[in-house]
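Have a look at the structure below before the remarks.
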Amino acid sequence: MRRKSDPQSEINCVSTATLCVALLFVLMLYAFSARAAAPLSCSDPLEGHWPYGPGYTVERWTGPGETLLLVGNGAVLSIIDASDPSNLVILGEVSVADPVRSIDISPDGARVAISDWRSTIHLVDISNRSAPQARGGLVVADNRQPYGLDIVGNRLYVALRDAGLGIFDISDLDNPGALGSTAMGATGFVFDLEVRGNYAYLADDAEGVTVIDISNDASPAMVGAYAGSTLASRIVIDGSRAYVARRSNGFDILDLSAATAPTLIGNYDTPAIVYGVQPLGADRLVVADGYNGSFVFDIANPAAPAPLGSDSEPAYGLAVIGNEAYVIPDSSRPSQLRALDFSNPLTPVLSDSLDFYNDTAEVRVVGSRVLVAHRASGLSILDLANPQAPVRIGGYHAGNVDVTDVEWINGHAIVGSY
152 MRRKSDPQSE INCVSTATLC VALLFVLMLY AFSARAAAPL SCSDPLEGHW PYGPGYTVER
212 WTGPGETLLL VGNGAVLSII DASDPSNLVI LGEVSVADPV RSIDISPDGA RVAISDWRST
272 IHLVDISNRS APQARGGLVV ADNRQPYGLD IVGNRLYVAL RDAGLGIFDI SDLDNPGALG
332 STAMGATGFV FDLEVRGNYA YLADDAEGVT VIDISNDASP AMVGAYAGST LASRIVIDGS
392 RAYVARRSNG FDILDLSAAT APTLIGNYDT PAIVYGVQPL GADRLVVADG YNGSFVFDIA
452 NPAAPAPLGS DSEPAYGLAV IGNEAYVIPD SSRPSQLRAL DFSNPLTPVL SDSLDFYNDT
512 AEVRVVGSRV LVAHRASGLS ILDLANPQAP VRIGGYHAGN VDVTDVEWIN GHAIVGSY
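Now the structure itself:
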């Protein structure tokens with residue numbers, strides 16, 4: 152099930168004074184009928200859908216004899232064997248109703264929680280890696296939009312963007328239930344959280360890092376905060392330290408020795424947007440920069456983080472296992488999971504990559520096939536022999552060109568870009 156890049160060929164570009172870039176190229180595809188497709192009515196029932204799309208998030212898990220990555224690939228959860236970083240292999244996949252926003256996996260590696268880009272939390276049994284099963288779900292009331300997730304035992308802790316913290320019982324994956332919540336009166340958005348012991352640490356883009364006592368499921372209560380981490384969007388806790396991504400303001404390093412009174416011990420202002428941070432060993436930190444790539448910092452002296460090496464490809468999703476950093480860009484770039492070896496932090500090396508798909512710009516139906524323009528991910532050809540389960544049978548990747556239009560003329564696909 153390993154997904155490789157589509158073959159490449161030469162691309163001819165035409166420029167004019169009135170258009171920035173115009174691209175036309177002719178691609179010989181599979182021979183199939185070019186009969187006109189019947190028009191669709193908005194009242195026609197949905198028979199099926201092809202759920203793949205851009206990857207935004209990646210989560211890691213290690214256990215006895217296993218190293219897994221979980222990637223949100225459109226509305227699909229992909230389970231990837233990362234035991235050998237130079238040979239990433241998709242083990243199994245399962246789709247949910249809407250595109251994946253956040254992922255968390257239980258410490259035993261058997262259960263996954265997914266928040267989508269609407270207001271739903273999906274629960275998935277991945278005990279069989281090759282055949283994961285979607286189980287129950289939760290619709291969060293009042294469109295509060297679940298973001299960050301943390302599974303601890305039979306509890307699921309959720310960062311509710313417009314509200315604060317939600318606590319749910321997931322002992323029965325088919326019938327999860329709400330236990331308690333707390334509203335923080337936030338003026339901003341809660342994007343992420345981490346649970347340690349009896350406390351949940353929430354990343355709020357207006358109020359910094361907020362500490363919630365969760366010893367009583369039914370009535371969690373705010374007991375502390377560090378207000379300095381404005382624009383906080385991600386938080387990762389390692390030992391007694393918290394690493395906080397502050398988007399356009401870089402990152403903070405907080406001391407959690409006093410659990411309810413986080414204190415700043417170091418920070419660094421980066422030139423662009425920081426989407427993620429992850430420790431790399433005992434004294435290094437990987438930072439995902441949405442424009443400039445993945446950076447490694449020396450944090451042996453946390454009061455004065457020092458940049459070491461970097462990879463220039465923009466990074467959005469980030470996970471670290473050992474010396475390997477796994478990164479995914481945002482939808483403006485070709486959707487690809489990249490494994491970067493930072494054994495030498497000054498000169499990272501690409502170990503392997505897996506291609507996914509960007510968002511859809513244009514669709515053309517030709518007989519029992521569908522041509523899909525995927526912007527930065529090129530062109531896909533889908534077979535609709537079974538309309539309830541479309542299958543990708545081929546495609547073309549156009550390098551650094553966004554494919555935004557496609558037409559079928561006399562057995563050729565004419566693809567346009569601007």
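To convert, count from 1 in the sequence shown and add 151; that's the numbering used here. Don't be surprised by glycine CBs; every beta carbon is placed ideally from N, CA and C. Quantities reported herein were computed from a predicted structural model and do not represent experimental measurements.
Residue pairing by DSSP puts F319 in a beta bridge opposite L307 and A329. For D343, the CB contacts under 6 Å within the same chain, skipping 5 residues up- and downstream, are G299, A310, A354, R385 and I386 in chain order.
Less than 7 Å divides the Cβ of V263 from the Cβ of V275. Per DSSP, F507 has no beta-bridge partner at all. In this structure, DSSP gives A396 an extended state, which the three-state scheme calls strand. The beta carbon of V346 sits closer than 6 Å to the beta carbons of D301, V303 and Y308 from its chain, once the five residues preceding and following it are set aside; these are given in chain order.
Annotation: the segment 248 to 282 contains the following complete segments of the beta strand (DSSP E) (minimum length 3 residues), in chain order: 251 to 256, 262 to 267 and 271 to 276.
Contact check for D267 and A248: beta-carbon distance about 7 Å, within the 8 Å limit, so the pair qualifies. The beta carbon of D553 sits closer than 8 Å to those of A512, R526, A527, S568 and Y569, all from its chain and outside the five residues before and after it, given in chain order.
Less than 7 Å divides the Cβ of P480 from the Cβ of P465. In the DSSP secondary-structure assignment, G214 is bridged to E217. Closest in C-alpha terms to W201, from the list S463, A457 and V521, comes V521. In the DSSP annotation of this structure, the continuous segment of the beta strand (DSSP E) that includes S568 starts and ends at H563 to S568. Going by DSSP, F342 is part of the beta strand (DSSP E) stretching over V341 to R347. For Y352, the enclosing beta strand (DSSP E) stretches over residues Y350 to D355. In the three-state DSSP reduction, A439 falls in the strand class (E or B). Under the DSSP assignment, R526 falls outside any beta strand (DSSP E); it carries neither an H nor an E label.
When rounded, the separation of the alpha-carbon atoms in D503 and L228 is 20 Å. In the structure shown, A490 falls within a strand segment according to DSSP collapsed to helix, strand and coil. When beta bridges are read from the DSSP output, Q429 appears opposite V437. Y207 is a Cβ neighbour of G468, given a cutoff of 7 Å.
Across the set L497, L530 and A536, the C-alpha of A536 shows the shortest separation from the C-alpha of G518. The shortest C-alpha to C-alpha distance from P297 to any of I265, S281 and P283 is the one to I265.
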